[in-house]
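Numbering (the numbering used here), first residue to last: 125 to 210.
Here a beta-carbon is modelled for each residue, glycine too, at the ideal position from N, C-alpha and C.
Predicted model only: the values in this text are computed from it and were never measured.
First comes the structure, then the notes that go with it.
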C-alpha cells in the first residue's frame, strides 16, 4: 500500500500520505476493537446475570421439593401474598 501511494503522489509526499493513512487505519482498528470488546463485555455480563437468575430458580425449586406438602403450601401462600403487595 505504501509503495502504491508513493508511486502515485511522488516519493516523499507519497510516503507521508501512506503513513498517515496507515496510522489512521491502525487507530480506527484499535478503536473498533475497544468498542467491540465493550459490547462483548456487556453481553457476557448479561449472560452471567441470566445464568445466576436461573441457578437461583433451580435452588429455590429444589428447596421447595424437599419440603412437606403442608410446608410447601404455606411457603407458596406467603410467596403469593408478597407478590400481591408489589
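Going by the beta-carbon positions, is the gap between residue i and residue j smaller than 9 Å?
i	j	result
residue 188	residue 200	yes
Please report the distance separating the alpha-carbon of residue i from that of residue j.
i	j	result
residue 176	residue 169	10 Å
residue 152	residue 173	32 Å
residue 186	residue 204	18 Å
residue 155	residue 171	24 Å
residue 209	residue 148	58 Å
residue 143	residue 164	31 Å
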